[in-house]
Each structure stands twice: as C-alpha cells, then as structure tokens.
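Following: one structure in structure tokens, then a few remarks.
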Amino acid sequence: MTDDLPRATLNPFRIPSGPLGRLAGWVMGRDDSPHREVLDLLAPKVEARSCEIGFGPGQLLQLLLARDADAQVCGVDPSPVMVAQARRRLQRLGAAERADLRLGVAGALPFPDRHADHVVAVNTAAMWPDLQAALADARRVLRPGGTVLIAWHSAHSPRRIQRTLAQPETWWDETTAALRQVFGKVERHELTYTTACTATAP
Numbered sequence: 001m002t003d004d005l006p007r008a009t010l011n012p013f014r015i016p017s018g019p020l021g022r023l024a025g026w027v028m029g030r031d032d033s034p035h036r037e038v039l040d041l042l043a044p045k046v047e048a049r050s051c052e053i054g055f056g057p058g059q060l061l062q063l064l065l066a067r068d069a070d071a072q073v074c075g076v077d078p079s080p081v082m083v084a085q086a087r088r089r090l091q092r093l094g095a096a097e098r099a100d101l102r103l104g105v106a107g108a109l110p111f112p113d114r115h116a117d118h119v120v121a122v123n124t125a126a127m128w129p130d131l132q133a134a135l136a137d138a139r140r141v142l143r144p145g146g147t148v149l150i151a152w153h154s155a156h157s158p159r160r161i162q163r164t165l166a167q168p169e170t171w172w173d174e175t176t177a178a179l180r181q182v183f184g185k186v187e188r189h190e191l192t193y194t195t196a197c198t199a200t201a202p
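Residue 160 in the UniProt record's numbering sits at position 160 of the sequence shown; the count goes up by one each step and never skips.
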C-alpha cells in the first residue's frame, strides 16, 4: 500500500530521524485535536491497558493516562526519536511507570496474547507494509471484547493539510474489508479531523 500514499506522507514524518525527525515530532506534538476525538471512541475501563501502534510523540498515550488514573499504556514506534519524545512526554506527566513503550513495527508487536483492552493506530495504518498481518497481530494482543481502532486524516477536515493527506475511499474499502475478515462487524466514524473504524475482538 505504501506506493499509493499521498506524496506528503513520504517525508520525515513517516519514520522521523535526526534533526528533521525531532522537528517533525515537535510539529506533530503541538496538536492533539485528532487524538482527543479518537479518545472518545475508547470507552474507559477499570485498569484498562491500551496499545498504540505508531504512537509518535505520544499525544494519545498522554490523554489516556491523564483520563484514567489506573490506566496503563504500551505501544511500538519504528522511530527511536519518537520513542524518546513519547517517553519524555509521559515522564513530564508523572506517568512513565504506567507505560511500556518500545521500538517496533506493526505486525510484530512485542507483547503477549490478550495483553490489551484497546489497540489503536492514529494516522499510521496506511503506512503498514502488510495490513492483514498487522490486524491479525492486533487481534492476538487484544483481550476478548477489546476494541481495535484505525484512524486516518479526514477528507472533510477543516484543515487543508489533513484533507491533503486523506486516503481515497478505495483504501477505506480495503481497510474495512480487512478488519471485517479478522474481527467481524466494523463501525465507521466520521469525526472532525479523522475518519475512524472500530471493531470488537470476539
């Protein structure tokens, strides 16, 4: 799927590294509006653990930990720069001990079976080399009744950059079909800044 991505996604924001990567993380970390609206799709649970694939500078992880005092988070990101930035963000929150953040990629999550109540990917799934394998691995990590959430920039966002980065409907058709094959029923959500699909692990 990578060859079909808008050109704007194939830049330092994809796997940030070096000085440009640190700058990309700073830019991404300034705005958590997409993450705030995605957060509302993840129902709070007592002592919930959420796993994010491609957590970037850690906005959603911060929101999850700030919302629920007993929440835990884990996740992977392919960029050492992003892992470092996300860890610093959670340290400033005073919640580093509730987070297990590792260098890694979709489809090879370094976590045990039935480890998480939520598996989330915000603005990363279109860059996964093997969507089906990544979703199957997300299913492995999810507990029964857990939620998988895939979100990407909305074509109807009030912000031009997000409209530019939006995926075509054909990508959403493929993603929905892949989710349905692994999880069954899929719900689509048209939010202000993102489009999201959710499904529940059987």
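Don't be surprised by glycine CBs; every beta carbon is placed ideally from N, CA and C.
All figures in this text were calculated on a predicted structure; none of them were measured in a lab.
Taking Cβ to Cβ, would you say residue i is nearer than 9 Å to residue j?
| i | j | result |
| --- | --- | --- |
| T192 | A125 | no |
| E52 | V122 | yes |
| Q167 | T194 | no |
| V141 | L60 | no |
| A178 | L109 | no |
| G56 | A99 | no |
| R188 | W172 | yes |
Which partner residues does residue i have in the DSSP bridge list?
| i | result |
| --- | --- |
| E187 | T198 |
| G75 | E52 and L101 |
Which whole-angstrom value describes the C-beta separation of residue i and residue j, a residue pair presumed to lie in contact below a C-beta threshold of 8 Å?
| i | j | result |
| --- | --- | --- |
| I150 | A196 | 7 Å |
| L63 | H118 | The Cβ separation is near 12 Å, so there is no contact. |
| V83 | L65 | Incorrect: roughly 16 Å between the Cβ atoms, too far for contact. |
| D70 | E47 | 5 Å |
| C74 | R92 | Not a contact, Cβ separation roughly 19 Å. |
Name the two residues that bound the continuous beta strand (DSSP E) containing residue i.
| i | result |
| --- | --- |
| H153 | L142 to H153 |
| A121 | A116 to V122 |
Could you pull out every residue in the same chain whose Cβ sits closer than 8 Å to the Cβ of residue i, ignoring the five residues on either side in sequence?
| i | result |
| --- | --- |
| R180 | V186 and A199 |
| R67 | L39 and P44 |
| P144 | R114, A201 and P202 |
Grab the span of the alpha helix (DSSP H) containing residue i for me, first residue to last.
| i | result |
| --- | --- |
| P34 | S33 to L39 |
| L165 | R160 to L165 |
| A84 | P80 to L93 |
For residue i, which residues from the same chain have a beta carbon less than 6 Å from its beta carbon, with the 5 sequence-adjacent residues on both sides left out?
| i | result |
| --- | --- |
| T170 | none |
Starting from the C-beta of residue i, find all residues in its chain whose C-beta is less than 7 Å away, skip the five residues before and the five after it, and write them out in chain order.
| i | result |
| --- | --- |
| V182 | L135, A136 and R139 |
| G58 | Q85, A86, R89 and L90 |
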